[in-house]
Amino acid sequence: MSRYRTALKNVRGLGAAKSGTEHFVHQRLTATALVALSIWFLVFVLSLLGADYVTATEAIAKPWNAVLVVGFLVAMFWHAQLGLQVVLEDYIHNSLLALALQTTVKFVAVLGGIVSVFAVARIALGAA
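In UniProt numbering, the protein residues as written are 1 to 128.
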């Protein structure tokens, strides 16, 4: 009977018991936010079809539009990073490669989010 038991030291610290629920909740929250924000963003972009640069920047510069665009961008990059993290955890088994890819994904997501929010801020504050 003892041959079927795993020593506690072999399993301690492994598995989803550390942050799996938090990750799951964040994924669902960003997905829910993206549903509403994507619908708004699609309507917003379609309303700007045929508009010139000045009209488009004036539309983005309106406070509510700027806030919603920033919310969309943050939710999008965060959700993408969470989803790619799960894919990498499931399919990359080389620990060094997994670490490098996870770090790259996080870096690209954070950099993309910062650059995007900065661009919207510049437009909203009239510096564009």
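Beta carbons are placed, not taken as given, at the ideal position from N, Cα and C, and that holds for glycine.
Under three-state DSSP, which class holds residue i?
{"i": "residue 50", "result": "coil"}
{"i": "residue 127", "result": "coil"}
What number of angstroms, rounded off, separates the C-alpha of residue i from the C-alpha of residue j?
{"i": "residue 110", "j": "residue 52", "result": "30 Å"}
{"i": "residue 76", "j": "residue 59", "result": "21 Å"}
{"i": "residue 57", "j": "residue 86", "result": "36 Å"}
{"i": "residue 40", "j": "residue 116", "result": "18 Å"}
{"i": "residue 95", "j": "residue 24", "result": "22 Å"}
Between which residues of its own chain and residue i is the CB-CB distance below 8 Å, once the five residues before and five after are set aside?
{"i": "residue 132", "result": "Outside the modelled stretch of the chain, which goes from 1 to 128, sits residue 132, for which no answer is possible."}
{"i": "residue 78", "result": "26, 30, 109, 113"}
{"i": "residue 101", "result": "88, 92"}
{"i": "residue 105", "result": "81, 84, 85, 88"}
{"i": "residue 34", "result": "72, 75, 76, 79"}
{"i": "residue 48", "result": "55, 56, 59"}
Quick one: what's got a C-beta closer than 6 Å to residue i's C-beta in the same chain, skipping five residues either side?
{"i": "residue 124", "result": "61, 66"}
{"i": "residue 120", "result": "66, 69, 70"}
{"i": "residue 43", "result": "none"}
Closest Cβ-Cβ distance between residue i and chain B: below 9 Å?
{"i": "residue 113", "result": "Looking for chain B here will not work: only one protein chain is present."}
Within the stretch 35-101, ranges of the alpha helix (DSSP H) (whole runs, at least 4 residues)
53-61, 63-91
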